[in-house]
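Input: a single structure, listed below in structure tokens.
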DNA sequence: TAGTTTTCTTGAACTGGTTCAAGAAATGGG
DNA sequence: CCCATTTCTTGAACCAGTTCAAGAAAACTA
């Protein structure tokens, strides 16, 4: 089932014929159950996770002891902490499966060798990182330029099916308000 | 004065000897005066700008007609709209010089050829984009996890010298509150 | 299907930050 | 050096969203 991944890569950077033989040797397929942690805060992030099926989030626990979801990832997205992954320093984030999830895992200690054999991957990760960066910037202006209620409506419009997949308290912390407030918004809608 | 740039690249991806001969042919040095726009919203972003000296910001003008600064860039940073740059679609952002600024400009239509001659640049841009992405995510949790006042204090601690370089209303819109509120915070400090 | 845990709802008091308006101070261009 | 523009300050009324607490509903587990 590496085909989902190669298909995704090809959208951004064409791969040579040989890729089909090389990639599987560097990736590990892994399954996680709902609530499993792929990365635990305080630990060093050792891999990048491509989601084949399922859904994950990365979140932080603040000093004030609340969970802040800063990222959701579904099928065909990568999730990791790039900062910890590249610096080798402990991560501040937890990465958790929200549903039972199937991943292709690229471990950091195999990455350099893989990139040497398939330099097209440098380009692929460059492009998806640039996009992810642009999206994250967009999110910040989005947060500042709209009220909580507007943010909820927008999210709902963009990802209607996704609403059913995540508990409301996670969505609330992703959208930047309390679960209570989200509950009140929904009460108004009926 | 391409040396600032090559030095920066070398921090992330070692360059071959030949780089010194190749790079200058693909980069253009340009000067901007305070308030000049490097990119105007509605136009397609055609270049990536590496700042040698000076300071820029990218900002959006919302429907509510307020400016939202989503990014500052100083010496040794790149600034662009990666989304418009790669998609060829019109940008929603303005990029503006806050001070008189010197840049090395990499135009999009020369980028692919340059990356073919110096594939190390794929790696360089991959790594800095991953970092930028991680920083942008961090910023979101930072926004949600702290009050406006805490954000100001943190910014002040991290970039004390930078405070003098930007007008308060730009900083306020970057930190996500009104200029009036920033003024009140400062009044308390004395 | 009963029991436990997790998630969602609702009310009431409260607060961080906004809005509008008007004046003061700083800056910069000619 | 002076005038025009830009930036910063201050007050008072206001509101979006929080907090705390307690109960209701759903969703797992055995």
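Chains as they are written, first to last, in the numbering used here: chain A, 498 to 687; chain B, 498 to 687. The C-beta atom is built at its ideal place from N, Cα and C for all residues, glycine as well. Here the structure is a predicted model, which means the values were calculated and not measured.
Local Cβ density within 10 Å of residue i, reported as buried at 16 or more and exposed below that
i	result
residue 503 of chain B	exposed
residue 683 of chain A	exposed
residue 562 of chain B	exposed
residue 690 of chain B	The first residue shown for chain B is 498 and the last is 687, placing residue 690 of chain B beyond what the model contains.
residue 644 of chain B	exposed
residue 577 of chain A	buried
residue 675 of chain A	exposed
residue 567 of chain A	buried
residue 636 of chain B	buried
residue 515 of chain B	exposed
residue 642 of chain A	buried
residue 655 of chain A	exposed
residue 551 of chain A	buried
Residues near residue i in its chain [Cβ-Cβ closer than 8 Å; skip 5 each side]
i	result
residue 606 of chain A	543
residue 618 of chain A	506, 510, 611, 612
residue 624 of chain B	509, 510
residue 678 of chain A	645, 669
residue 640 of chain A	648, 673
CB of residue i within 8 Å of CB of residue j, strictly
i	j	result
residue 541 of chain A	residue 513 of chain A	no
residue 592 of chain A	residue 555 of chain A	yes
residue 499 of chain A	residue 521 of chain A	yes
residue 638 of chain B	residue 529 of chain B	no
residue 549 of chain A	residue 525 of chain A	no
residue 630 of chain A	residue 633 of chain B	yes
residue 712 of chain B	residue 590 of chain B	Residue 712 of chain B falls outside the range modelled here, since chain B spans only 498 to 687, and no answer is possible.
residue 553 of chain A	residue 535 of chain A	yes
residue 616 of chain B	residue 616 of chain A	yes
residue 575 of chain B	residue 545 of chain B	yes
residue 584 of chain A	residue 626 of chain B	no
Span of the alpha helix (DSSP H) around residue i
i	result
residue 581 of chain B	579-584
residue 661 of chain B	Counting along the chain, residue 661 of chain B falls outside any alpha helix (DSSP H), and DSSP gives it neither H nor E.
residue 678 of chain B	676-686
residue 519 of chain A	516-523
First through last residue of the beta strand (DSSP E) which encompasses residue i
i	result
residue 596 of chain A	Taken as a continuous stretch (DSSP letters only), residue 596 of chain A belongs to no beta strand (DSSP E), as it is neither H nor E.
residue 624 of chain B	First-last for residue 624 of chain B: 617-642, but that is the alpha helix (DSSP H), not the beta strand (DSSP E).
residue 564 of chain A	564-571
residue 536 of chain A	534-536
Same chain only: Cβ atoms within 6 Å of residue i, ignoring 5 sequence neighbours per side
i	result
residue 533 of chain A	594
residue 668 of chain B	none
residue 628 of chain B	none
residue 527 of chain B	600, 602
residue 666 of chain B	676
Proximal residues to residue i (C-beta, below 7 Å), its chain only, five neighbours per side dropped
i	result
residue 559 of chain A	565
residue 652 of chain A	672
residue 660 of chain B	653
residue 621 of chain B	506, 509, 510
Proximal residues, the segment 537-560 of chain B versus chain A, C-beta separation under 9 Å: 555, 556, 557, 559, 560
Interface residues of the segment 518-534 of chain A facing chain B [CB-CB below 9 Å]: none
Residues within the segment 629-661 of chain A neighbouring chain B, beta-carbon criterion of under 7 Å: 629, 630, 631, 633, 634, 636, 637, 638, 640, 641, 642
Against chain B: residues of the segment 606-622 of chain A by CB proximity under 8 Å: 612, 616, 619, 620, 622
Proximal residues, the segment 588-605 of chain A versus chain B, C-beta separation under 9 Å: 589, 590
Selection of the segment 567-580 of chain B by Cβ proximity to chain A, strictly under 8 Å: 567, 568, 578, 579, 580
Chain B contacts made by the segment 673-684 of chain A, where a contact means CB separation under 7 Å: Per Cβ criterion, the list reads 673.
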